[in-house]
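The structure appears right after this line, and notes come after that.
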Amino acid sequence: MALTNAQYDEIMREYQRRQNQAREGLAGREREVYGSIPELARLDACIAAESTAHARALLLEDGAGGAETAEDAGIYSLRARIDALSARKAQLIREAGYPGDYLKPEYCCPDCQDTGYIGQEKCHCFRQAIIDLLYAQSNLRESMKGEVFSTFSLEYYPDTMTDSVTGLTAADMARRAFNECRRFVRDFDKEADNLFLSGDTGLGKTFLSHCVANALLESTHSVVYFSAFRLFELLADASFGRVEESEAGEMDRYIYDCDLLIIDDLGTELTNSFVASELFLVLNERILRRKSTLISTNLSLAAIADLYSERVLSRITSNYRMLRLIGDDIRIQKRISARGAG
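For the sequence shown, this note's numbering begins at 37 and goes up steadily by one.
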């Protein structure tokens with residue numbers, strides 16, 4: 037998960053491209069505006085002269101110990117003149133039909149002004165750029181292509197099949213899961229919430245997970261998506277020293293600090309005491325940090341307790357919205373339908 041030097045350089049080249057684009061765009065707009073409003077150049081010269089006088093007056097004020105003197109009044113007057121000139125400049129630009137911010141740089145990320153950093157910390161857009169790069173290199177984005185809420189279909193969930201526990205039909209349960217996933221995305225920034233999708237193989241759990249991931253990525257949230265097998269493999273690499281310490285630390289930040297962590301197919305990994313301990317740690321830590329997690333699994337709740345511990349089950353049942361799907365394997369239904377159509 038940690039960036040190689042080549043990956044870091046690739047991201048920083050993109051930031052440099054964005055900065056150049058912002059500068060070139062601003063320069064073009066300035067040429068356009070100054071060409072159509074000649075008075076702006078004269079106002080700029082006046083502002084520059086007044087600013088120089090302002091700076092000189094401030095230096096004199098510092099030498100005098102900052103006392104309230106006639107010089108102070110002069111400084112306030114200079115400020116007023118500079119403000120008046122700036123206001124006149126803005127007025128001319130508006131009167132010419134340009135937006136008030138037309139001569140400001142247009143950044144892809146106003147927070148860091150396309151530098152990737154706010155102070156010494158990576159900007160949220162940099163963290164997302166890392167995740168986007170990792171997704172692109174893993175081809176996961178391609179596998180999720182088209183798996184969005186608008187393409188989810190209830191036609192594969194029959195009204196004739198009923199759940200013995202809830203009394204709901206397969207269609208009712210699928211509809212509830214679909215609506216809850218959409219609500220989860222809609223209210224994502226309002227509350228820290230978690231989803232637990234369970235059911236047999238081929239019922240659309242991964243599809244719904246991809247719908248959630250795509251929707252949140254589109255709204256610039258950081259989403260990290262792992263199969264359970266890959267997640268615990270990475271955690272084992274970090275725990276047993278199979279990667280550099282800096283790489284392990286960076287991976288931990290992705291797992292624990294991303295806006296949404298998706299663990300797909302929990303239970304398909306080789307389960308042991310290490311996996312059970314790490315799963316509890318990940319779930320518990322993200323709950324404490326109020327970070328959302330989505331789990332999909334074929335396992336029943338009883339199997340969760342048996343494989344991972346009662347502590348893990350308790351965290352899930354106490355902190356997750358439980359969504360279950362029933363029905364027949366959708367992939368098999370599609371194959372049968374395709375043969376029938378042929």
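The C-beta atom is built at its ideal place from N, Cα and C for all residues, glycine as well.
Ends of the beta strand (DSSP E) at residue i?
i, result
"residue 360", "357-361"
"residue 201", "Unbroken run through residue 201: none, as it is neither H nor E."
Pick helix, strand or coil for residue i, following the three-state DSSP scheme.
i, result
"residue 243", "helix"
"residue 297", "strand"
"residue 175", "At residue 175 the pLDDT is 48, less than 50, meaning the model places this residue with poor confidence and gives no usable figure here."
"residue 157", "strand"
"residue 340", "helix"
"residue 261", "strand"
"residue 306", "coil"
"residue 319", "helix"
"residue 232", "strand"
"residue 328", "strand"
"residue 237", "coil"
"residue 333", "strand"
"residue 268", "helix"
"residue 125", "helix"
"residue 113", "helix"
"residue 151", "coil"
"residue 227", "coil"
"residue 106", "Note that residue 106 scores 48 on pLDDT, short of 50, meaning its location in the model is unreliable and no value can be drawn from it."
"residue 119", "helix"
"residue 348", "helix"
"residue 253", "helix"
"residue 276", "coil"
"residue 82", "helix"
"residue 182", "coil"
"residue 188", "coil"
"residue 314", "helix"
"residue 366", "helix"
"residue 142", "coil"
"residue 290", "helix"
"residue 373", "helix"
From what residue to what residue does the alpha helix (DSSP H) around residue i run?
i, result
"residue 134", "It is not in any alpha helix (DSSP H) - residue 134 carries neither H nor E in the DSSP assignment."
"residue 72", "41-72"
"residue 208", "206-222"
My guess is that residue i and residue j are in contact by the Cβ rule of under 8 Å, so how many angstroms apart are they, rounded?
i, j, result
"residue 162", "residue 152", "4 Å"
"residue 233", "residue 343", "Wrong, their Cβ atoms sit about 17 Å apart, outside the cutoff."
"residue 259", "residue 295", "7 Å"
"residue 250", "residue 183", "7 Å"
"residue 272", "residue 299", "Going by Cβ atoms, the distance from residue 272 to residue 299 rounds to 15 Å, so no, they are not a contact pair."
"residue 362", "residue 197", "6 Å"
"residue 262", "residue 314", "About 12 Å; that fails the 8 Å criterion."
"residue 254", "residue 169", "Between residue 169 and residue 254 the Cβ distance is about 17 Å, and since that is not below 8 Å, they are no contact."
"residue 270", "residue 303", "Actually they are not in contact, since the Cβ atoms of residue 270 and residue 303 sit about 17 Å apart, beyond 8 Å."
"residue 75", "residue 118", "About 17 Å separates the two Cβ atoms, so there is no contact after all."
Return the chain-ordered list of same chain residues with a C-beta closer than 8 Å to the C-beta of residue i, the five sequence neighbours on each side being excluded.
i, result
"residue 141", "58, 59, 61, 62, 149"
"residue 89", "114"
"residue 132", "69, 72, 73"
"residue 353", "337"
"residue 216", "231, 357, 359"
"residue 223", "229"
"residue 126", "136"
Leaving out five residues on either side along the sequence, give the residues of the same chain with a beta carbon under 7 Å from the beta carbon of residue i.
i, result
"residue 211", "190"
"residue 323", "351, 355"
"residue 134", "69"
"residue 220", "229, 231, 248"
"residue 185", "218, 247, 251"
"residue 364", "none"
"residue 124", "79"
"residue 321", "292"
"residue 106", "Its pLDDT being 48, under 50, residue 106 is placed unreliably in this model, and the coordinates cannot settle the point."
"residue 340", "348, 349, 352"
"residue 26", "Nothing in the structure corresponds to residue 26, since the chain is present only between 37 and 378."
"residue 82", "121"
Take residue i and list the residues in its own chain whose beta-carbon comes closer than 6 Å to its own, dropping the five residues that flank it on each side.
i, result
"residue 370", "none"
"residue 345", "312"
"residue 195", "205, 207"
"residue 51", "150, 152"
"residue 167", "258"
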